[in-house]
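Take a look at the structure set out below.
Residue numbers (my numbering): 4 to 197.
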């Protein structure tokens, strides 16, 4: 059985108050750096074999704080990226006005990812890592919607819309997933970074 700590990045800087998506930049804020440090400390007693992250700054910095405790190098995986959407760069006020509805047909037609596509790339990445690390503990640092897609499907839910993603995963928090060597999900539980 492989144990996966699937964690959302810590709090980050966003001085323009925009939805960033895959835009470069957005490093951890002072609060986020402290959250990442606490994540590293909370995972220090577990035998972590590998730490993976999306290539975005906020995930890499979060993963680095965990990897440092275990004397590991963060491994980058593009499949762990935030969702691809034409809405990146839009003001948060606009995003709130449309209820953060990334997966509307109109945005998909403009090149945005479907929620099912987000799940598929994340699931593929996780299963490959489980095959690489049988019976080990690994950390994967990603983003909110990709993590929620995994949680919903692994618990047997449907990816109908963003509405069924609530309660939403907080920054510097996530889920513990246990998966056997055949790829069967054995459990999904909350990871509380206290």
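Built from N, CA and C at the ideal position, the CB exists for glycine as well. None of the values given here were measured: they were computed from a predicted structure.
Listed in chain order, the non-local C-beta contacts of residue 126 below 8 Å within the same chain comprise 153, 156, local neighbours out to five positions each way being set aside.
Between residue 84 and residue 129, the CB-CB gap reaches or exceeds 9 Å. Boundaries of the beta strand (DSSP E) harbouring residue 193: 188–194, taken from the DSSP string.
If you draw a straight line from the Cα of residue 73 to the Cα of residue 58, it is about 20 Å long. The way I'd put it, the stretch 31–47 doesn't touch the stretch 95–115; fewer than three beta-carbon pairs between them come closer than 8 Å. Taking C-beta separations shorter than 7 Å and ignoring five residues to either side along the sequence, the partners of residue 177 in its chain run 8, 9, 10, 11, 150, 194, following chain order. Taking a 10 Å sphere around the C-beta of residue 169, we find fewer than 16 other C-beta atoms and assign the residue as exposed. By the beta-carbon neighbour count (other beta carbons within 10 angstroms, threshold 16), residue 138 is exposed. Residue 19 sits in coil when the DSSP states are folded into three classes, being neither helix nor strand.
Each residue's CA atom was taken as its position, placing residue 86 and residue 63 some 16 Å apart. Residue pairing by DSSP places residue 78 opposite 55 in a beta bridge. The alpha-carbon of residue 18 is positioned some 32 Å away from that of residue 162.
191 is the residue among 175, 124, 191 whose C-alpha sits nearest the C-alpha of residue 160.
Taking residue 148 as the centre and dropping the five residues before and after it, the same chain places the C-beta of 85, 86, 105, 118, 121, 165, 168 closer than 8 Å to its C-beta, in chain order.
Sorting 144, 52, 51, 13 by C-alpha distance to the C-alpha of residue 36 places 13 at the top. Boundaries around residue 140 are those of the beta strand (DSSP E), 140–145, since no alpha helix (DSSP H) includes it. Residue 146 sits buried, since 16 or more C-beta atoms from the chains shown fall within 10 Å of its C-beta. Unbroken alpha helix (DSSP H) stretches of 4 residues or longer found wholly inside the stretch 90–137: 95–100, 108–112, 118–135, given in chain order. Counting of Cβ neighbours within 10 angstroms places residue 81 among the exposed residues, the total staying below 16. The residue among 185, 29, 68 with its C-alpha nearest the C-alpha of residue 135 is 185.
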